[in-house]
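Participant: Please see the structure below; I have some questions.
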Amino acid sequence: MGFSVTFWGVRGTVPCPLPSHMGFGGNTSCVEVQAGDQRIVIDAGTGIRMLGKRLLKEGAAEATLLMSHTHLDHICGFPFFAPAYTKGFHLRIVSGHLNGTPGIEAAMARQMERPLFPVPMRTMGSNIVFDEITAGDQFALGEGVQVRTARLNHPDGATGYRVEHLGKSFAYVTDTEHVPGHPDRNILDLIDGADLVLYDSTYTDEEWRNRIGWGHSTWTEGVRLAQAAGVKRLVLFHHDPDHDDATMTAIEAAAQAVFPDCFAAREGMTVTLA
């Protein structure tokens, strides 16, 4: 069934349903990976709502949800993920950043408790299994799909993922903050020689200097890491809500001038790897 990556939500921090942002998209982080017969979803931002509708339309019976972390913009779409309410649907939720209490199940459930939300997670009718791993672990999904993980530098922790299938590889690296002049070895090892790497490019260099400690990075650091690791294609991701289409077009052009095999993620875009 091949190997492809589809972007359902590309924005960071908060959804941006604005005409000025629709060229790149306004939903928060959610990426779908189709690897053979494995349906993998990475993060549950608001983009997961429309993905859920598509999965039900296609008759999908199961999926694996890999969570980079549980900050609100990456989980706020989960209460609106229709397959989770569907009897007979099997959903495995994997997290590598929560070691201890609360775990991933408690973190995901908390946003669905009153007074924050009227429908608690326990009423979801699907078969949901929660799986705590340690960032750095490796595991298999079905036949011929390998997943590697790495710890990222983000407040409250975050996990990066690399999915390998049919001799190709896709790495998902958001949310993370770089240290100038000190490339993150965890990231370099994770993305080494990858065919497609998605990287947290929330800020420009000028913006980042006023937001040190917020847990995000820049497209320029993404380019440096991609060049050092021999990455074939780089995807700019987690677009800042203040970056409208004109700003994103300029950022993409600047990145391509330095690293031609690069583009800014757009909602609805699918990249085929194999």
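Residue numbers (full-length UniProt numbering): 1 to 274.
We put the CB at the ideal spot given by N, CA and C, even for glycine.
Source: prediction; values computed, not measured.
(1) Skipping 5 residues on each side, what residues in its chain have a beta carbon closer than 6 Å to that of Gln256?
(2) Near Val41, which residues of its chain fall below 8 Å by C-beta distance, leaving aside the five closest residues on each side in sequence?
(3) Mark Gln138 as exposed unless 16 or more other C-beta atoms lie within 10 angstroms of its C-beta, in which case mark it buried.
(4) Using DSSP bridges, identify the partner residues of Ser201.
(5) Examine the ligand MN and report whether any of its heavy atoms sits within less than 7 Å of the Cβ of Ala246.
(6) Since Ser169 sits in a beta bridge, which residues does DSSP pair it with?
(7) Exposed or buried, Leu72, counting other C-beta atoms within 10 Å across all chains shown (16 or more means buried)?
(8) Between the alpha carbons of Ala123 and Gly26, how many angstroms are there, rounded?
(9) Mind reading off the beta-carbon distance from Met112 to Pro120? Whole number of angstroms is fine, and I expect it under 8 Å.
(10) Does the region 216-236 touch the region 172-182, meaning 3 or more C-beta pairs lie closer than 8 Å?
(11) Note down, one range per segment and in chain order, each alpha helix (DSSP H) of at least 4 residues found wholly within the region 90-119.
(12) Between which two residues does the beta strand (DSSP E) holding Thr149 run?
(13) Select from Leu98, Asn127 and Leu116 the residue whose C-alpha is nearest the C-alpha of Ala82.
(14) Since Leu56 sits in a beta bridge, which residues does DSSP pair it with?
(15) Would you call Ala194 buried or exposed, if buried means 16 or more other Cβ atoms sit within 10 Å of its Cβ?
(16) Please report the residue range of the beta strand (DSSP E) in which Ala61 lies.
(17) Pop quiz: Gly45 and Gly2 are said to be a contact at Cβ under 8 Å. What is the actual Cβ separation, rounded to whole angstroms?
(18) Quick check on DSSP: helix, strand or coil for Val271?
(19) Could you name the residues of the same chain whose beta carbon sits closer than 7 Å to that of Ala35, not counting the 5 residues immediately before and after it, in chain order?
(20) Measuring CB to CB, does Leu188 end up less than 8 Å from Ala250?
(21) Of all the options Ala109, Val258 and Pro155, which has the alpha carbon lying nearest to the alpha carbon of Gly222?
(22) Taking the Cβ atom as the reference point for each residue, do Phe237 and Leu273 lie within a distance shorter than 8 Å?
(23) Identify whether Met67 lies in helix, strand or coil by the three-state DSSP scheme.
Facilitator: Taking the structure as given:
(1) Cys262
(2) Cys30, Val31, Glu32, Val33, Ile48, Leu51, Ala63, Thr64, Leu65 and Leu66
(3) exposed
(4) Partner(s): none; Ser201 has no beta bridge.
(5) In the structure shown, the ligand MN is absent, as is every other ligand, since no ligand is present at all.
(6) Glu164
(7) exposed
(8) In the sequence as presented, Ala is not what sits at residue 123; that position holds Thr. One C-alpha to the other measures close to 29 Å.
(9) 5 Å
(10) yes
(11) 104-110
(12) Val145 to Leu152 is the extent of the beta strand (DSSP E) around Thr149.
(13) Taking only the C-alpha atoms, the option nearest Ala82 is Asn127.
(14) The partner list for Leu56 (beta bridge, DSSP) is empty, contrary to what the question assumes.
(15) buried
(16) Where Ala61 is concerned, there is no enclosing beta strand (DSSP E), given that its DSSP letter is neither H nor E.
(17) 25 Å between Cβ atoms; not a contact.
(18) strand
(19) Phe3, Val145, Val163 and His165
(20) No, they are not a contact pair.
(21) Val258
(22) no
(23) Three-state result, Met67: strand.
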